[in-house]
Ligand SMILES: [Zn+2]
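Residue numbers (the working numbering): 1 to 74.
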């Protein structure tokens with residue numbers, strides 16, 4: 001029996017898989033919500049990113065659209 005967590009997550013700014021105990025730095029602008037994510041956090045695919053005057057949205061071909069309002073970046 002193993003206790004591997006199946007919920008894979010990826011760093012939305014670097015596209016690297018998030019591993020417990022391994023710190024993957026987030027760019028300062030991104031941490032402030034100024035920079036849209038470029039990779040899907042569920043699968044690590046590169047997303048289509050569109051920046052608009054009131055925020056941004058990003059689309060993964062598998063997981064759909066996420067946007068700045070959903071994350072309450074304002
Ligand atoms: Zn995805």
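Heads up, the beta-carbon is just placed ideally off N, CA and C, and yes, glycines get one too.
- Residue side-chain check: residue 16 keeps its Cβ at 6 Å or more from all non-hydrogen atoms of ligand 1.
- Secondary structure of residue 58 (DSSP, three-state): strand.
- In this structure, the C-beta of residue 45 approaches ligand 1 to less than 6 Å from one of its heavy atoms.
- For residue 64, DSSP records a beta bridge to 60.
- A distance criterion of 6 Å places the beta-carbon of residue 9 beyond contact range of ligand 1, judged by its closest non-hydrogen atom.
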